[in-house]
Amino acid sequence: MNTVFLEFLELRKSLKAKNTDKAIRLLVNQLNKASNDSEREQMLNNSIVNSWEIVYEIKGSPKRQTLPFEPKRKWDSGMEDKV
492 MNTVFLEFLE
502 LRKSLKAKNT
512 DKAIRLLVNQ
522 LNKASNDSER
532 EQMLNNSIVN
542 SWEIVYEIKG
552 SPKRQTLPFE
562 PKRKWDSGME
572 DKV
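Start counting the sequence shown at 492; every next residue gets the next number (our numbering).
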């Protein structure tokens with residue numbers, strides 16, 4: 492799931508959309524409306540395939556009942572020592 496999210500952010504960058512903290516927070520909030528990780532991944536993949544700068548809910552999908560998605564940041568994986 493995290494890999495797809497990073498790929499989506501790369502797409503946004505190539506479309507010259509700014510990946511500000513607020514933009515990422517709003518994207519994560521939109522993803523958290525999905526009911527599970529599989530649906531979140533589908534939302535991201537749909538946006539990548541269609542070259543969209545944002546994500547859309549899957550029509551007819553149930554609302555979230557699981558834990559929200561929290562993308563890992565570079566510093567979460569121990570990379571802060573390498574900077």
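C-beta atoms are modelled at their ideal positions from N, C-alpha and C, and glycine is treated no differently.
Computed from a predicted structure; not experimentally measured.
Per the C-alpha coordinates, the member of 552, 561, 545 positioned closest to residue 509 is 545.
Counting along the chain, no alpha helix (DSSP H) covers residue 511, and no H or E run does either. Relative to the Cα of residue 561, the nearest Cα in the group 551, 549, 528, 542 belongs to 528. Within the model, the alpha-carbon separation for residue 563 versus residue 494 is close to 10 Å. Of the residues assessed, residue 531 falls on the buried side of the cut-off, its CB having 16 or more other CB atoms within 10 angstroms.
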